[in-house]
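What follows is one structure encoded as structure tokens, with my remarks underneath.
Residue numbers (our numbering): 816 to 989.
Shown next, in the form of structure tokens:
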């Protein structure tokens, strides 16, 4: 069974990375204070509770991929974790959250540069890939907007060699 992912148009492939234009989407998002590992785990569980029926309609919502989080940096002490809601749902028909810690929002990522990588995501690996990706973007004269994001596509029990992850960053429109 395949898991739904956000729709996008491939704009270009620049060697190791792609430039994509994402369609509008609806996300469930939460912000958690603390370190990367603990914040992403807490944020994931919080939103998973919402989609598994912890909402005002006790409605179960299908899991999609990826789970998107802020990429760690030295000065970050809180992290945003977001799940993309299935396309079958409109903003109006999604249930309300049972907590003010989760919000349902319309999102438009717009033009995004994306670098794929495998294995487990950790703070150190995310920072390492962010440095490499920043150098690639600079070399290709791509201007970014905002911070980097980490997109994880697999369940926690997927073996590292089969895992798919992406580092994403908004760019100035091409």
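Even for Gly, the Cβ is constructed at its ideal location relative to N, Cα and C.
Buried or exposed by the 16-neighbour rule on C-beta atoms within 10 Å, applied to residue i
{"i": "residue 908", "result": "exposed"}
{"i": "residue 871", "result": "exposed"}
{"i": "residue 822", "result": "exposed"}
{"i": "residue 861", "result": "buried"}
{"i": "residue 887", "result": "buried"}
{"i": "residue 974", "result": "exposed"}
{"i": "residue 912", "result": "buried"}
{"i": "residue 981", "result": "buried"}
{"i": "residue 970", "result": "exposed"}
Same chain, Cβ closer than 7 Å to residue i, neighbours up to 5 away in sequence not counted
{"i": "residue 818", "result": "878, 879 and 880"}
Inter-residue CB distance, residue i and residue j (contact presumed, cutoff 8 Å)
{"i": "residue 855", "j": "residue 884", "result": "5 Å"}
{"i": "residue 843", "j": "residue 866", "result": "7 Å"}
{"i": "residue 967", "j": "residue 936", "result": "6 Å"}
{"i": "residue 952", "j": "residue 831", "result": "That belief does not hold up - the Cβ atoms of residue 952 and residue 831 are roughly 10 Å apart, past 8 Å."}
Own chain residues within Cβ distance below 8 Å of residue i, not counting five before or after
{"i": "residue 859", "result": "882 and 896"}
Cut-off 6 Å between Cβ atoms - residues of its own chain near residue i, not counting five sequence neighbours on either side
{"i": "residue 984", "result": "928, 959 and 963"}
{"i": "residue 961", "result": "985"}
Segment contact, 8 Å Cβ cut-off, at least three pairs: the segment 900-916 with the segment 952-967 | no
Cβ pair count under 8 Å reaching 3, the segment 831-840 against the segment 912-932 | yes
Decide if the segment 888-899 is in contact with the segment 846-856; the criterion is three or more beta carbon pairs, one per stretch, under 8 Å apart.
-> yes
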